[in-house]
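Worksheet: the structure to be examined is printed underneath.
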Amino acid sequence: MSDLQDLYQELIIDHSKRPRNFGSMNDANRTADGFNPLCGDKLKLFLKIEDGVIRDVKFIGAGCAISTASASVMTDMLKGQTIEQAASLFETFHYMITGPKDPQHVGSGLGKLAVFAGVSEFPARVKCATLAWHTMRNAISGKTEAASTEQVK
Amino acid sequence: MTAHPATLDIERTIGLDPEALRRDFPVLHQEVHGKPLVYLDNAATTQKPRSVIDALVRYYEHDNANVHRGIHELSQRATNDYEDARTVVQAFLGAAESEEIIYTRGTTESINLVTASWGRANVGAGDEVLISAMEHHSNIVPWQILCEEKGAQLKIVPINDDGEFLLDEYERLLSDRTRIVAVNHVSNALGSVNPVREIVKLAHERGALVLIDGAQAVAHMKVDVRSLDCDFYAFSSHKIFGPTGIGILYGKRAILEAMPPCESGGDMIKHVTFEKTIYNDLPYKFEAGTPNIADAIALGAALRYVNNVGLEAIGAYEEDLLAYATERLAAFEGVRLIGTAKHKASVQSFNLDSIHPHDLGTVLDREGIAVRAGHHCAQPVMDRFGVTATVRASFAFYNTRAEVDRLVETLHKAREIFA
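In the order they appear, the protein sequences are chains A and B.
For the first sequence, the numbering used here begins at 49 and goes up steadily by one.
For the second sequence, the numbering used here begins at 857 and goes up steadily by one.
Here it is, written out as structure tokens:
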């Protein structure tokens, strides 16, 4: 059971049951949908970006504990970050759960995102942990493509 | 083929001995995450007995050659074994002739063959195709594509809250425009056994054909296509202890003969000139190219194995096991059973509290228990029951009550984690 506890850390269970920033946003200027066709997990992400800074972020959706907690923690972390910082955070996060193991530096610079380190031992669950992040990247990249408040698909 | 005289004796006298049969399945004897494997994902794919594995090895070690070009000894052997397997399938399904047995890659390809060949030739604008609300995507999408292409209408026979096919609704939906009815024999997501005999009878009264998706049925109950009088019957080898990559389409001879070929190339022709090609006879008309010889032969071995165990004994044993599993799960606080039809086979889908099936699946996996967690390629069924996914335990004759107990015990652990 110890490795299960590595995966389902208290913080993850807490965020999955009481997701932060859960709800829709009327004045979002970026939205994107995330969908995992393999499991049916769905997510809609709302971002308010001003001058390259994420001012507010919310999400709605239904998913497993890992994907819900990941979205919840991500939205907490993204507020106040620049787009560049958000992209770099995603890269560090993605590397932590998919890259080669480096016990010295696990989760360094990731703050509470480090609780997702255990996901690396559960390859079948990596997509659950990254769904919200991929959706965030799509939402943000919509800016360069459309440069408008249109919904990004 | 490996006979199991001891097993046969047991079956005839006291039913079926799962512990003895388990010894025939090498894969079952291993630990997963440090716990003895409990394999409860048989509706996804079944494990393979030694005799099936041996058949594959023997073919590649001794007989490998192309078929139907029998100048040399090996080709003759390969051809004989390949065609022998076809007659095993014929007898297994109760078909009148081996020419009515078409090898495909699996149920999905079998259904696609029917929609592409029979469907394109026989379904037109304004016609109707009937399927049920509990079909696997493989028995939805090919019909959707056909109907879209032809301007035909796809109609859905509803199911009730227990996951039962509604015969009276079906009767109302049948019309003179109905060209074909396509239903599964057993639902992969719910385990419901459908009243296929009545479905066929009612369809024929209106002049419609019937295709039965037997993927989830053949490993659990005796199927007799002549007695059912269905026009097509499809199944996959890997769901009945055979290898992946091979499956069967049964069709009535007259219907198959009238159908245009689906794929073209070698083996499906009698004579080719640049001006005209004469197609081969059944079943080769539908088997273009070098076929999946080894897996067809191993499918034959799998069906022989099932025959030796006996489908009657299998059915009785699994009915008891499913009843036990259902009873234990139903008694577990927080469990919601999905699929509670009166007549079921070997599948129990459920959810626990508000725990997502994937989280539950991960907890079970860490205890060595393999289940399916997801939508089971039947998203409309999930929608019907207002869930995005379920956990599905699906059984074979090598599963035991002790394994069901381990499944249920692990649910306590899941509740502790997610409490």
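Virtual Cβ for every residue (Gly too), placed ideally from N, Cα, C.
As the structure is a prediction and not an experimental result, all values here were calculated from the model.
Any idea if residue i is buried or exposed, counting beta-carbon neighbours within 10 angstroms, 16 or more meaning buried?
| i | result |
| --- | --- |
| residue 78(A) | buried |
| residue 897(B) | buried |
| residue 1063(B) | exposed |
| residue 150(A) | exposed |
| residue 928(B) | exposed |
| residue 1017(B) | exposed |
| residue 1146(B) | exposed |
| residue 1190(B) | exposed |
| residue 886(B) | exposed |
| residue 146(A) | exposed |
| residue 116(A) | buried |
| residue 1255(B) | buried |
| residue 1070(B) | buried |
| residue 156(A) | exposed |
| residue 1082(B) | exposed |
| residue 1163(B) | exposed |
| residue 1092(B) | buried |
| residue 1080(B) | exposed |
| residue 1041(B) | buried |
Determine, for residue i, whether the minimum Cβ-Cβ distance to residues of chain B falls below 8 Å.
| i | result |
| --- | --- |
| residue 61(A) | yes |
| residue 91(A) | no |
| residue 51(A) | yes |
| residue 173(A) | yes |
| residue 201(A) | In this prediction, residue 201(A) scores a pLDDT of 33, lower than 50, which makes its location untrustworthy; the coordinate-derived value is nonetheless stated afterwards. So no, residue 201(A) is outside the interface. |
| residue 170(A) | yes |
| residue 191(A) | Any answer about residue 191(A) is weak, because its pLDDT of 41 lies below 50 and its placement is not dependable; what the coordinates show is given next. Taking Cβ atoms only, chain B never reaches closer than 8 Å to residue 191(A), which makes this a no. |
Can you pull the chain B neighbours of residue i, defined as C-beta to C-beta under 9 Å?
| i | result |
| --- | --- |
| residue 111(A) | 1212, 1214 and 1244 |
| residue 56(A) | 1215, 1218, 1219, 1273 and 1274 |
Using beta carbons (cut-off 8 Å, strictly below), is residue i in contact with chain A?
| i | result |
| --- | --- |
| residue 1222(B) | yes |
| residue 1241(B) | no |
| residue 1274(B) | yes |
| residue 1203(B) | no |
| residue 857(B) | Here residue 857(B) scores only 42 on pLDDT, less than 50, and its place in the model should not be relied on; the value that follows carries that caveat. False, the Cβ-Cβ gap to chain A never drops below 8 Å. |
For residue i, which beta-bridge partners are listed by DSSP?
| i | result |
| --- | --- |
| residue 894(B) | 1225(B) |
| residue 1009(B) | 984(B) |
| residue 935(B) | DSSP, once it has assigned bridges, lists no residue as partnering residue 935(B). |
| residue 1026(B) | Note: residue 1026(B) sits in no beta bridge, so no partner. |
| residue 945(B) | According to DSSP, which records beta bridges pairwise, residue 945(B) is partnered with nothing at all. |
| residue 1074(B) | BP columns for residue 1074(B) are empty, so no partner. |
| residue 1251(B) | Looking at the DSSP assignment, residue 1251(B) forms no beta bridge with any residue, so it has no partner. |
| residue 1096(B) | Paired residues: none, contrary to the question. |
| residue 1230(B) | 1246(B) |
| residue 1135(B) | 1125(B) |
| residue 913(B) | DSSP lists no partner for residue 913(B). |
| residue 877(B) | Beta-bridge pairing links residue 877(B) to no other residue. |
| residue 102(A) | 97(A) |
| residue 84(A) | 89(A) |
Find the residues of chain B that neighbour residue i, judging by a C-beta separation of less than 8 Å, and give them in chain order.
| i | result |
| --- | --- |
| residue 88(A) | 1230, 1231, 1235, 1238, 1244 and 1245 |
Residues of chain C with CB under 9 Å from residue i, in chain order?
| i | result |
| --- | --- |
| residue 894(B) | Judged by its chain identifiers, the structure shown contains no chain C, and its protein chains are A and B. |
Worksheet item: Can you find at least 3 beta carbon pairs, one from the segment 1019-1031 of chain B and one from the segment 1074-1084 of chain B, that sit closer than 8 Å?
Response: Touching, no.
Worksheet entry | Three-pair Cβ contact test at 8 Å for the segment 62-75 of chain A versus the segment 108-126 of chain A | The segment 62-75 of chain A and the segment 108-126 of chain A touch, with no fewer than 3 CB-CB distances between them shorter than 8 Å.
Worksheet item: Does the segment 966-984 of chain B come close enough to the segment 1214-1233 of chain B to have 3 or more Cβ pairs within less than 8 Å?
Response: With a cut-off of 8 Å on Cβ pairs, the segment 966-984 of chain B is not in contact with the segment 1214-1233 of chain B, counting fewer than three such pairs.
Discussion item. Between the segment 913-933 of chain B and the segment 1241-1259 of chain B, can you find at least three pairs of beta-carbon atoms closer than 8 Å?
Written reply: Under the 8 Å Cβ criterion, the segment 1241-1259 of chain B does not count as touching the segment 913-933 of chain B, having fewer than three qualifying pairs.
Item to complete: May I ask you to verify whether the segment 1049-1066 of chain B touches the segment 1085-1103 of chain B, counting CB pairs closer than 8 Å and requiring at least 3?
Response: Under the Cβ criterion (8 Å, minimum of three pairs), the segment 1049-1066 of chain B counts as touching the segment 1085-1103 of chain B.
Discussion item. Using 8 Å as the cut-off, can you tell me whether the segment 888-897 of chain B makes contact with the segment 1224-1239 of chain B, which would need three or more C-beta pairs spanning the two stretches below that distance?
Written reply: They touch, by the three-pair rule.
Discussion item. Three Cβ pairs or more, each shorter than 8 Å: is that satisfied between the segment 1149-1165 of chain B and the segment 1095-1102 of chain B?
Written reply: Three or more Cβ pairs closer than 8 Å define a contact, and the segment 1149-1165 of chain B meets that threshold against the segment 1095-1102 of chain B.
Worksheet item: Taking three-plus beta-carbon pairs below 8 Å as touching, is the segment 99-119 of chain A in contact with the segment 175-194 of chain A?
Response: Note that the segment 99-119 of chain A touches the segment 175-194 of chain A; at least 3 beta-carbon pairs, one per stretch, sit closer than 8 Å.
Discussion item. Does the structure place the segment 1249-1266 of chain B close enough to the segment 1158-1177 of chain B that three or more beta carbon pairs sit under 8 Å?
Written reply: Touching, yes, given that three or more Cβ pairs across the two stretches are closer than 8 Å.
Worksheet entry | Stretch pair the segment 160-170 of chain A + the segment 88-104 of chain A: three plus CB contacts closer than 8 Å | No: the two stretches stay apart, fewer than three of their Cβ pairs being nearer than 8 Å.
Fill in: Stretch pair the segment 1029-1036 of chain B + the segment 944-961 of chain B: three plus CB contacts closer than 8 Å
No, the segment 1029-1036 of chain B does not touch the segment 944-961 of chain B.
Worksheet item: If we count Cβ pairs, one from each stretch, closer than 8 Å, do we get three or more for the segment 1106-1114 of chain B versus the segment 1172-1179 of chain B?
Response: No: fewer than three Cβ pairs fall under 8 Å.
Fill in: Cβ contact check for the segment 1132-1152 of chain B and the segment 939-955 of chain B: 3 or more pairs under 8 Å
Yes: the two stretches touch, three or more of their Cβ pairs being nearer than 8 Å.
Worksheet item: Touching or not, the segment 1002-1021 of chain B and the segment 975-994 of chain B, by the rule of three or more beta carbon pairs under 8 Å?
Response: Contact between the segment 1002-1021 of chain B and the segment 975-994 of chain B is established, with three or more Cβ pairs separated by less than 8 Å.
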